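Undergrad: Please see the structure below; I have some questions.
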């Protein structure tokens, strides 16, 4: 897979899908709830359809796993060496509540590791991407190299809005000592650490592999790390369920 070659098409795709998502942003939306009680809107469905259609044309022999895909049994998935892993609208709750903190996530997984990540924030019209030990931000046609910065004192910690009340998270934050705590929706947390705006993102609550892969890949290619409780990098498509483990994202490699 030559990511340099298809990157312009992926940027064009996510820009167009982002515009489609924004066309629903200020409308009253009919909200469905999936089996796991997470919300689903027409914006999620349309974004899924558009991304899958284009990826199927760009890489016709590569499987695609999306949050909005029909369930694919692990027996079938376990045979995949490479595949696209996407969240067409990450942060649907933030989209519904009109915080602006939502994004499109596209990752490419090879041998259980994310080797390419692209995150697009439609509200800010900003792309983030990373592969081959480099990461970049594109905004207003200006490309900036992303590089994590040395951790500050007090530590700048970012967590999600909806996981802020987790008992495990509160205990962990108490153990950190002095820190500044901020909240931000979706995979944008990874991108903001890659930008140097924050230092640390601990995640104890449930999330899925499509929520994690693209942003984690960008942060790692910007010089940061995303590890589980054993200090190991995250792996994908290794088990029947698609839940990510507890992890710690940091500007430190």
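Residue numbers (this note's numbering): 17 to 269. Note that beta-carbon positions come from the ideal geometry of N, C-alpha and C, so glycine has one too. As the structure is a prediction and not an experimental result, all values here were calculated from the model.
#1: Using a Cβ distance threshold of 8 Å, determine whether the region 92-107 contacts the region 233-244, with at least three qualifying pairs required.
#2: Under 8 Å by Cβ, that's how I've got residue 123 and residue 133 pegged, so tell me the actual separation to the nearest angstrom.
#3: Determine the direct distance from the alpha carbon of residue 170 to that of residue 196, and round the result to whole angstroms.
#4: Which residues share a DSSP beta bridge with residue 134?
#5: Using the rule of at least 16 other Cβ atoms within 10 Å of the residue's Cβ for burial, across every protein chain shown, is residue 222 buried or exposed?
#6: Would you report the Cα separation of residue 182 and residue 219, rounded to the nearest angstrom?
#7: Buried or exposed for residue 255, going by 16 or more other Cβ atoms inside 10 Å?
#8: Is the Cβ-Cβ distance between residue 93 and residue 257 less than 8 Å?
#9: Go to residue 106, then tell me how far its beta strand (DSSP E) extends in each direction, as first and last residue.
#10: Is residue 205 buried or exposed, if buried means 16 or more other CB atoms sit within 10 Å of its CB?
#11: DSSP three-state label for residue 200, please.
#12: Thinking C-beta only, is residue 267 closer than 8 Å to residue 209?
#13: Which term fits residue 178, buried or exposed, when burial requires 16 or more other beta carbons within 10 angstroms of its beta carbon?
#14: Rounded to whole angstroms, how far is the Cβ of residue 27 from the Cβ of residue 151, which I believe are closer than 8 Å?
#15: Under 8 Å by Cβ, that's how I've got residue 34 and residue 138 pegged, so tell me the actual separation to the nearest angstrom.
#16: To which residues of the same chain is residue 109 closer than 7 Å at the C-beta, ignoring the five residues directly before and after it?
#17: Residue 159 lies in the beta strand (DSSP E); which residues open and close that run?
#18: Please return the same chain residues whose Cβ sits closer than 6 Å to the Cβ of residue 214, not counting the five positions on each side in sequence.
#19: With 16 other CB atoms within 10 Å as the buried threshold, where does residue 71 fall?
#20: Should residue 49 go down as buried or exposed, given a rule of 16 or more other Cβ atoms within 10 Å for buried?
#21: Exposed or buried, residue 269, counting other C-beta atoms within 10 Å across all chains shown (16 or more means buried)?
TA: Straight from the coordinates:
#1: Not touching, per the Cβ criterion.
#2: Position 107 of the chain shown holds residue 123. Position 117 of the chain shown holds residue 133. Yes, residue 123 and residue 133 are in contact; Cβ-Cβ is about 5 Å, under 8 Å.
#3: In the chain shown, counting from the first residue as 1, residue 196 sits at position 180. In the chain shown, counting from the first residue as 1, residue 170 sits at position 154. Between residue 196 and residue 170, the C-alpha separation is close to 6 Å.
#4: Numbered from 1 along the chain shown, position 118 holds the residue referred to as residue 134. DSSP links residue 134 through a beta bridge to 122 and 145.
#5: Here residue 222 refers to the residue found at position 206 of the chain shown. The residue in question, residue 222, is exposed, as its Cβ has fewer than 16 Cβ neighbours within 10 Å.
#6: The residue labelled residue 182 in the question sits at position 166 within the chain shown. The residue labelled residue 219 in the question sits at position 203 within the chain shown. Roughly 10 Å separates the two Cα atoms.
#7: Position 239 of the chain shown, counted from the start, is the residue given in the question as residue 255. Residue 255 is classed as exposed because its beta carbon has fewer than 16 other beta carbons within 10 Å across all chains shown.
#8: For this step, residue 93 is matched to residue 77 along the chain shown. For this step, residue 257 is matched to residue 241 along the chain shown. No, Cβ-Cβ distance for residue 93 and residue 257 is not below 8 Å.
#9: Taking the chain shown and counting its residues from 1, one reaches residue 106 at position 90. Residue 106: member of the beta strand (DSSP E) spanning 98-106, first to last residue.
#10: Here residue 205 corresponds to residue number 189 of the chain shown, with the count starting at 1. The residue is buried, with at least 16 neighbouring Cβ atoms inside 10 Å.
#11: Locating residue 200 in the chain shown gives position 184, where the first residue counts as 1. The DSSP-derived three-state label of residue 200 is coil.
#12: Mapped onto the chain shown, residue 209 falls at position 193. Mapped onto the chain shown, residue 267 falls at position 251. With contacts defined as CB atoms closer than 8 Å, residue 209 and residue 267 qualify as a contacting pair.
#13: The residue you call residue 178 lines up with position 162 of the chain shown. By the 10 Å Cβ count, residue 178 comes out exposed.
#14: Taking the chain shown and counting its residues from 1, one reaches residue 27 at position 11. Taking the chain shown and counting its residues from 1, one reaches residue 151 at position 135. No, residue 27 and residue 151 are not in contact; Cβ-Cβ is about 14 Å, not under 8 Å.
#15: As a working mapping, residue 34 is identified with position 18 in the chain shown. As a working mapping, residue 138 is identified with position 122 in the chain shown. Between residue 138 and residue 34 the Cβ distance is about 3 Å, and since that is below 8 Å, they are a contact.
#16: Counted from its first residue, the chain shown places residue 109 at position 93. For residue 109, where only same-chain residues beyond five positions count, the Cβ hits under 7 Å are 55 and 178.
#17: The count along the chain shown starts at 1 and reaches residue 159 at position 143. Residue 159 -> beta strand (DSSP E) spans 158-161.
#18: Translated into the one-based positions of the chain shown, residue 214 becomes position 198. Counting only residues of its own chain and dropping the five nearest sequence neighbours on each side, residue 214 has a CB closer than 6 Å to the CB of 172, 174 and 208.
#19: Taking the chain shown and counting its residues from 1, the one referred to as residue 71 is at position 55. It is buried - the Cβ of residue 71 has at least 16 other Cβ atoms within 10 Å.
#20: Here residue 49 refers to the residue found at position 33 when the chain shown is read from its first residue. Exposed, since its Cβ has fewer than 16 Cβ neighbours within 10 Å.
#21: On the chain shown, position 253 is the one that residue 269 refers to. It is exposed - the Cβ of residue 269 has fewer than 16 other Cβ atoms within 10 Å.
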